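By numbering that gives the first Met the number 0, the letter at position 281 of the sequence shown is numbered 280, and the numbering carries on one by one without gaps.
Before any comments, here is the structure.
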Amino acid sequence: MGSGPSRPNNPTLPDAYESTLEVTVSRDMRHVMEIAAEQQAILVVLSDPCLGSRVILGEAPVEVGRGARGGLLIDSDSVSRRHARVEWSGTSHSIVDLGSTNGTFVNGSRVKSHELRDGDRLQIGKVLLKYLAGGNIEAAYHEEFQRLMRYDALTGIYNKRQFTESLRTAAQTARASANPLSLMVLDLDHFKRINDTHGHVVGDGVLCELCSVAREAMPGDAVFGRVGGEEFAVLWEGHGAADMRTLAEGVRRATEGHKFIFEGKRLAVSVSIGIAEHVADDDAELDSLYDRADAKLYEAKASGRNCVRG
């Protein structure tokens with residue numbers, strides 16, 4: 000489990016990931032503007048270890064892999080030496096898997112060959128990429144990295160940095176009013192076992208599907224973020240512990256009852272949840288809100304998992 004966001008009145012610097020992101024955007028924008036003038040398609044890497052790397056796509060085939068030469072080199076153990084190739088048909092680009100170990104995925108589905116459309120999200124091993132068709136590439140590229148400053152690249156929900164900012168803002172509001180504020184921290188049970196047994200690609204798929212299931216069980220005003228590898232948090236302003244407990248039980252039941260099926264196999268997936276509430280006019284308690292919810296999460300784990308504590 001992760002350490003969670005920094006406390007509301009003691010913010011820390013953004014994660015190294017996000018600092019690297021800002022540097023990458025600044026460093027690459029001049030070259031992206033040159034690409035825009037050429038109106039060519041590009042393939043952009045959205046996750047480590049090559050965050051911000053991109054390759055211009057024209058008529059010549061472009062190979063992607065750990066040993067790619069003259070193509071898109073991705074130095075990751077989850078990527079095969081010759082993993083995939085982008086080809087031009089005369090009217091469009093297609094991605095072709097080259098018999099890779101961990102597969103090539105487009106918009107969550109494993110493919111052998113797939114015609115690419117603007118905005119398609121690709122996964123090469125554990126590495127995420129995005130295809131941007133010819134057009135206003137500079138604007139699209141900039142918009143994508145602005146989005147990554149706020150949202151988790153894998154799951155599409157708030158990243159740790161944005162969730163921390165939401166928690167800080169909610170804390171300021173709570174200090175100025177008598178409105179309740181509650182927090183839920185949830186962790187996917189036995190996630191390491193899923194990764195070890197089925198591979199990281201399936202593990203990533205479970206995380207994405209879990210987020211979809213959990214979001215369906217939440218009201219629209221709940222703030223949902225990924226704050227660690229398999230740890231997530233939900234902030235709900237205007238609602239106390241009783242409401243949050245009901246919401247947490249709904250998320251837990253929805254997860255337990257959902258059919259997580261990957262490559263024909265159903266996986267047993269559950270979550271453990273800890274909740275905490277801010278009591279009005281108690282600033283010390285507000286400062287410890289995340290820590291208290293996280294402590295309750297540990298209680299849920301110690302109680303046998305797949306339960307709510309708080």
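Ideal Cβ positions, reconstructed from N, Cα and C, are used throughout, including at glycine.
Predicted model, so just to flag it, every value in this text is computed and none were measured.
- V44 is the residue among K295, S88, V44 whose C-alpha sits nearest the C-alpha of D74.
- Closest in alpha carbon position to E86, among R80, A67, E114, is E114.
- S79 is positioned such that its CB atom lies no closer than 7 Å to that of K125.
- Note: D220 is not bridge-paired with any residue in the DSSP secondary-structure output.
- C-alpha of F104 to C-alpha of L121: approximately 6 Å in a straight line.
- Rounded to whole angstroms, the separation of the alpha carbons of G89 and L128 is 23 Å.
- By the neighbour-count criterion, in which a residue is buried when 16 or more other Cβ atoms sit within 10 angstroms of its Cβ, N106 is exposed.
- The beta-carbon separation of D186 and E255, rounded to 14 Å, does not stay under the 8 Å limit for a contact.
- K159 counts as buried, since no fewer than 16 other beta carbons sit within 10 angstroms of its beta carbon.
- In this structure, E276 sits away from A253, with a CB-CB distance that is not shorter than 7 Å.
- Within the stretch 61 to 104, the complete beta strand (DSSP E) runs of at least 3 residues fall at 61 to 64, 83 to 87, 92 to 96.
- L97 has its alpha-carbon roughly 45 Å from the corresponding atom of Y289.
- Just measuring C-alpha positions, the residue of M148, S176, A152, L153 sitting nearest T163 is M148.
- DSSP places K191 in the uninterrupted alpha helix (DSSP H) bounded by 190 to 197.
- If you draw a straight line from the Cα of G118 to the Cα of G66, it is about 26 Å long.
- If you draw a straight line from the Cα of I193 to the Cα of S176, it comes to about 44 Å.
- Here P179 is buried: its Cβ has 16 or more other Cβ atoms, across all protein chains shown, within 10 Å.
- When secondary structure is reduced to three states using DSSP, G204 falls in the helix class.
- Assignment of alpha helix (DSSP H) within the stretch 229 to 300, counting only whole runs of 4 or more residues, yields 240 to 256, 282 to 286 in chain order.
- Assigned with DSSP and collapsed to three states, V212 falls in helix.
- Secondary structure at A173: helix, using DSSP grouped into helix, strand and coil.
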